[in-house]
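Q:
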Amino acid sequence: MHDLTAFCCQNTQCADFGKRGHGNLTVCAHYGQQQRRLLYCRSCKARFSERKGTPLFDTRLPEHQAVAVLHHIAEGCGVRQTARLTGVSKDTVVRYSLRAGEHAQQLHDDLVAFSPRDP
Ligand SMILES: [Zn+2]
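The sequence shown lines up with residues 274 to 392 when you count with the working numbering.
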């Protein structure tokens, strides 16, 4: 049995869009060399990768290398320094940084929906 409580439907037209642990998702298949899970939404009948909506969705680098790029950026390394240390191009570092930044912004907006009132 798969634990899908951290996942939600990625179809913006779905009535259960963005509802984590709602019970509408199942694993319908595995794909790729890494055997990633393909999730199925019972509400809207959409199928999508378990990585959709994450910075690692549709990445071409091996997972350990993509994670290393993001770790270096998170630790404050510059683009050129990260490129040298992880063995990828500067453009790749910039692209992954932008993806991670957009995802972090969305996550922040999701988790911190309301600011406390200023008295
Ligand atoms: Zn759905």
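Just so you know, even glycine gets a beta-carbon here, dropped at the ideal spot from N, CA and C.
Can you name the start and end residues of the alpha helix (DSSP H) that V352 belongs to?
A: That run of the alpha helix (DSSP H) goes 352-359.
Q: Where do the N-terminal and C-terminal ends of the beta strand (DSSP E) with T365 fall, by residue?
A: That residue, T365, is in no beta strand (DSSP E); its alpha helix (DSSP H) goes 363-384.
Q: Between R293 and R309, which are expected to be in contact by the criterion C-beta below 8 angstroms, what is the C-beta distance as a whole number of angstroms?
A: The pair is not a contact, with the Cβ atoms about 19 angstroms apart (cut-off 8 angstroms).
Q: If we ignore side chains and look at the alpha-carbon of each, how far apart do L343 and M274 end up?
A: Whole-angstrom Cα-Cα distance: 30 angstroms.
Q: Would the beta-carbon of D289 be found less than 7 angstroms away from any heavy atom of ligand 1?
A: Indeed, a heavy atom of ligand 1 lies less than 7 angstroms from the Cβ.
Q: Is C301 near ligand 1, in the sense that its beta carbon is under 7 angstroms from a heavy atom of that ligand?
A: Incorrect: C301 has no Cβ contact closer than 7 angstroms to ligand 1.
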